[in-house]
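J.:
In full-length UniProt numbering, the protein residues as written are 1 to 341.
Take a look at the structure:
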């Protein structure tokens, strides 16, 4: 018996004339005119844009009906609840920033006396008119010197009161004369040398970095003031061990990549556009505060912030922090964290 002829090119063993490499299922998805013709017609889906990259935001809806945008690979309300409430700040597997003199056993916290600060208030840069303008020029010129000092032992920090910082960021006589002689702003670069005018978002970034430094610095200071275990510890070594654990948890809350001084270029956590990431880190702040010696109504507000509607959670936590800070430090207003523009 003669051997059966092998299928011709472009024809499968069933005798159909489909293009090579296409299965019957592939052809069934093609338009009718393509299936009836030997000339393939492009699949209509070939012109559809490719799917969004994995980092694109998607929406997950809570049982309350509130939609949240996230890049985190969670897709149910239960997964969201687990993600935002998991105490990641307690994981010792997560690296945390430490200064050269800090370790897992301490030392005990040490801060300049109130109201001295190791950095100027951002409000000095935001002052009206030439006062804020000149302060910004001087700060941009000198900030590296001051921020580098933060890497040293706190005893060497340039702790100054607000009035002293204003004096350090005030124009010298030559610059004062230039501001009077020249009406236009910004002043010409040649006139203000060796200072320079800020470029682009440089002033906004400098203000955000100062404000964020004060927020982080004051949060640690308030934690040291409010921890019951730290108050009860009877020795410096005991205080050091208690504080080291708390300090590391606080700094994990700021997020990976943070260091001795904030950078406007660092990854966003407390101001992330990802709702779950932002809530997760603010809930960590609330958990840390619940370890403190808090007024009962403030503690209740923090519990409500983490268990109630997520739409006002961050503002509730900020309000609880502000209230606690003002009670601890003689009604002074704290620098509360602000989002980057």
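The C-beta atom is built at its ideal place from N, Cα and C for all residues, glycine as well.
1) Would you identify the three-state DSSP class for residue 21, choosing helix, strand or coil?
2) Report the option in 131, 188 and 69 whose CA atom is closest to the CA atom of residue 58.
3) Taking just the CA atoms, how far does residue 183 sit from residue 329?
4) For residue 126 and residue 207, which I take to be in contact (beta-carbon distance under 8 Å), what is that distance rounded to the nearest angstrom?
5) For the candidate residues 118, 262 and 185, whose alpha-carbon lies nearest to that of residue 221?
6) Within 10 angstroms of the Cβ of residue 176, are there 16 or more other Cβ atoms? Answer buried if so, exposed if not.
7) Out of curiosity, what's the CA-to-CA distance linking residue 223 and residue 174?
8) Which class does residue 103 belong to by DSSP, given the choice of helix, strand or coil?
9) Can you name, in chain order, every residue of its own chain whose Cβ lies under 6 Å from the Cβ of residue 248, other than the five neighbours on each side?
10) Check the C-beta distance from residue 296 over to residue 209 and give it rounded, since I have them as a contact under 8 Å.
11) Rounded to whole angstroms, what is the Cα-Cα separation between residue 160 and residue 291?
12) Taking 8 Å as the cut-off, does the region 312–323 touch the region 333–340 (at least 3 CB pairs, one atom from each stretch)?
13) Comparing C-alpha positions only, which one of 228, 302, 310 and 196 sits nearest to residue 318?
14) With a 10 Å radius around its C-beta and 16 neighbouring C-beta atoms as the bar for buried, classify residue 228 as buried or exposed.
15) Any idea which residues DSSP pairs residue 117 with across the strands?
16) Using only alpha-carbon positions, find the residue among 200, 101 and 133 that is nearest to residue 170.
17) Residues in the same chain with beta-carbon distance under 7 Å from residue 298, minus the five sequence neighbours each way, listed in chain order, please.
18) Provide the residue span of the alpha helix (DSSP H) that contains residue 122, from first to last.
19) So who's on the other strand from residue 68, going by DSSP bridges?
20) Under a Cβ-count criterion, where at least 16 other Cβ atoms within 10 Å of its own Cβ denotes burial, should residue 200 be classed as buried or exposed?
21) Alpha carbon to alpha carbon, what distance is there between residue 312 and residue 243?
T.: Checking against the coordinates, here is how it stands:
1) Reading the chain shown from its first residue, position 21 is the one you call residue 21. Confidence is the limiting factor: at residue 21 the pLDDT is only 48, short of 50, which leaves the residue's position unreliable, though a coordinate-based value still follows. Looking at residue 21 - three-state DSSP - the assignment turns out to be coil, as it is neither helix nor strand.
2) Here residue 58 refers to the residue found at position 58 when the chain shown is read from its first residue. Looking at the Cα atoms, 69 is the closest of the given residues.
3) The residue given as residue 329 occupies position 329 in the chain shown. The residue given as residue 183 occupies position 183 in the chain shown. Those two C-alpha atoms are separated by around 42 Å.
4) Start at 1 with the first residue of the chain shown, and residue 126 comes out as number 126. Start at 1 with the first residue of the chain shown, and residue 207 comes out as number 207. Correct: roughly 6 Å between the Cβ atoms.
5) Here residue 221 refers to the residue found at position 221 of the chain shown. Looking at the Cα atoms, 118 is the closest of the given residues.
6) The residue you call residue 176 lines up with position 176 of the chain shown. Classification of residue 176: exposed, given that the 10 Å Cβ count is below 16.
7) Residue mapping note: residue 223 aligns to position 223 of the chain shown, counting from 1. Residue mapping note: residue 174 aligns to position 174 of the chain shown, counting from 1. So the two alpha carbons sit approximately 44 Å from each other.
8) Position 103 of the chain shown, counted from the first residue, corresponds to residue 103. Strand.
9) In the chain shown, residue 248 corresponds to position 248, counting from 1. For residue 248, where only same-chain residues beyond five positions count, the Cβ hits under 6 Å are 96.
10) The count along the chain shown starts at 1 and reaches residue 296 at position 296. The count along the chain shown starts at 1 and reaches residue 209 at position 209. In fact, because the Cβ distance is near 36 Å, the residues do not count as touching under 8 Å.
11) Within the chain shown, residue 160 is the residue found at index 160, counting from 1. Within the chain shown, residue 291 is the residue found at index 291, counting from 1. Cα-Cα distance, rounded: 30 Å.
12) yes
13) Residue 318 sits at position 318 when you count from the first residue of the chain shown. Nearest option by C-alpha distance: 302.
14) For this step, residue 228 is matched to residue 228 along the chain shown. The residue is exposed, with fewer than 16 neighbouring Cβ atoms inside 10 Å.
15) In the chain shown, the residue the question calls residue 117 occupies position 117. DSSP output for residue 117 lists 160 as bridge partner(s).
16) One-based indexing of the chain shown puts residue 170 at position 170. Of 200, 101 and 133, the residue nearest in Cα terms is 133.
17) Sequence index remark: in the chain shown, residue 298 carries index 298 (1-based). Around residue 298: 320, 323 and 324.
18) The residue you call residue 122 lines up with position 122 of the chain shown. Start and end: 122–125.
19) Reading the chain shown from its first residue, position 68 is the one you call residue 68. Partner(s): 60.
20) Numbered from its first residue, the chain shown carries residue 200 at position 200. Under this definition residue 200 is an exposed residue.
21) Start at 1 with the first residue of the chain shown, and residue 243 comes out as number 243. Start at 1 with the first residue of the chain shown, and residue 312 comes out as number 312. Spanning the two alpha carbons is a distance of roughly 31 Å.
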